[in-house]
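Visitor:
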Amino acid sequence: MTCRIALMITALLGGLVGADARADVFAGKTCEPGCNLYRAMTIFGDAMTGDTAPLSLLGGPNQSGMLDATDLTYDAGERTLIVSDFYGQKIHIFSRDSRGDVAPLRSFSNVFLGQPRNVAVAAAQNEYIVIDANFIFAFPRGASGAATALRMTSYDPALVQNLNGLAYRSSSDEIFVGDYYDIGGGQYAGEILIFPRTIAGAPVTTRRIAGPATQMGSWIADIHYNPSTDELYVLTGANDGSGSVLTFAAGANGDVAPIRRIAGAATGMVNAAGLGFDDNSHELLVASGSFNAAPPHILGFPRTATGNVAPSRNISGPNTGVNGTSGWYDVVSVPMQNLFANGFEQL
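Each residue of the sequence shown is one higher than the one before, starting from 17 at the first, in the working numbering.
#1: On the CB-based measure, 16 or more other CB atoms within 10 Å of its CB, does F128 come out buried or exposed?
#2: Do Y345 and the ligand GDP come close, with the Cβ less than 7 Å from some heavy atom?
#3: Short of 6 Å in beta carbon distance, which residues of its chain neighbour L175, apart from the five on each side in sequence? Order them along the chain.
#4: What's the call for N126, buried or exposed, on a 16-neighbour Cβ count within 10 Å?
#5: Can you check DSSP and say which residues form a bridge with L97?
#6: Do you know whose CA, among S306, G292, S188 and P243, lies nearest P318's CA?
#7: I'd like to know if the region 154-168 and the region 186-206 are in contact, where contact means that at least 3 CB-CB pairs between them fall below 8 Å.
#8: Out of S72, P70 and V118, state which residue places its alpha-carbon closest to the alpha-carbon of M82.
#9: If you follow the beta strand (DSSP E) that D198 is part of, which residue opens it and which one closes it?
#10: Do T86 and R112 have their CB atoms nearer than 8 Å?
#11: Three or more beta-carbon pairs under 8 Å between the region 231-241 and the region 285-303, yes or no?
#12: Whose CA, out of Q141, Y345, R157 and D271, lies closest to the CA of G227?
#13: Apply the 10 Å Cβ neighbour rule to D195 and answer buried if 16 or more other Cβ atoms are within range, or exposed otherwise.
#14: My output table needs one value for F153: the three-state DSSP class, helix, strand or coil.
#15: Going by beta-carbon coordinates alone, are V286 and I314 separated by less than 8 Å?
#16: Determine the closest residue to R329 out of I225, Q131, H298 and Y241, with distance taken between C-alpha atoms.
#17: Buried or exposed: where does N242 fall if 16 or more other Cβ atoms within 10 Å of its Cβ makes it buried?
#18: Return the Cβ separation of F110 and L74 in integer angstroms, given the expectation that the two are a contact with Cβ distance under 8 Å.
#19: With which residues is P212 paired in a DSSP beta bridge?
#20: Beta strand (DSSP E) containing R122: first to last residue?
#21: What ranges does the alpha helix (DSSP H) occupy inside the region 264-330, keeping only unbroken runs of at least 4 residues that lie completely in it?
#22: Would you mind sorting A282 into buried or exposed? The rule is 16 or more other CB atoms within 10 Å of its CB.
#23: Tell me, which residues are paired with R185 by DSSP?
#24: Could you pull out every residue in the same chain whose Cβ sits closer than 8 Å to the Cβ of V325, ignoring the five residues on either side in sequence?
#25: From the DSSP output, in three-state form, read off A119 for me.
#26: In whole angstroms, what separates the C-alpha of I215 from that of S244?
#27: Per DSSP, what are the beta-bridge partners of M64 in this structure?
#28: Identify whether T336 lies in helix, strand or coil by the three-state DSSP scheme.
So this is what it looks like as structure tokens:
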């Protein structure tokens, strides 16, 4: 029997239709008052590409509790989907088999966690690592309700500007966090800050990947760590809307060139916000057209691709249900041949 992967997409406005009891992909959205709120997630199959309708929905106005799903993380050990609800200011945990307008297994928030951006799972320590714009938190893996953080960094505007993108490397017990820094003349450049998982109080880095040779653009849109190859994948953005996917050795430090760089007009990346990796097909997945009215696409590239290359997969078009002024915001691959992606749409 052919293995199956699912692609999960989150959308910010507009309707998503279809259902499949065994589909494992989700899409989420929020919108202004009067539109169909909370229809958060939809599903695509592993062989689907082009202008294709999604297979299923997770979310709804009565039980799901979600305003949006700006970031998704799959916890393979618990077989759960972790949803960062940016506008709802909560983190929701669903069973990976959840469908329809159903309640999460649990949700949690914290008075200091204003708008959660990313979650990483430190399975051996039974922890969630969470970031918002300015802080790094650790919570128990079973956190629920008004949760007390195990640890939290303090505010340091000299180091932290606007955190976005998070990954955990268990072999060194480190976390990678995306940020940007001022390079003068009103310009900024992306950087990767590396901290020990146990960081608390003043945010002191153990390493930093930054500088002209890194080619990190103006900001970091998302990051992903591949433990099989010990590589760090970085999605960057620039003021002209262009993007790139960079590959670094996970132990890199300083102003170092990437091992590989996917960038250029042929890639189709415009205003891209989300990055994931499909462990089954060994594809890098990019959510493109995430904002500023760029056409939304989910793009796939072989892991070893480099240069100005066309995508190997491209999901886009009106049948996807995402065809407005905002597109998908994140893509994440999960074990058991399931692929999830999330994003935003506006009709």
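In this text, a Cβ means the ideal position worked out from N, Cα and C, and glycines have one as well.
Guide: By the coordinates alone:
#1: exposed
#2: Absence of the ligand GDP from the depicted structure is noted, as is the absence of any ligand whatsoever, leaving it without description.
#3: P219
#4: buried
#5: Y90 and F110
#6: G292
#7: no
#8: V118
#9: E190 to G200
#10: no
#11: yes
#12: D271
#13: buried
#14: strand
#15: no
#16: H298
#17: buried
#18: 7 Å
#19: E190
#20: R122 to S125
#21: none
#22: exposed
#23: E190
#24: I278, G280, A282, T283 and F317
#25: coil
#26: 25 Å
#27: BP columns for M64 are empty, so no partner.
#28: helix
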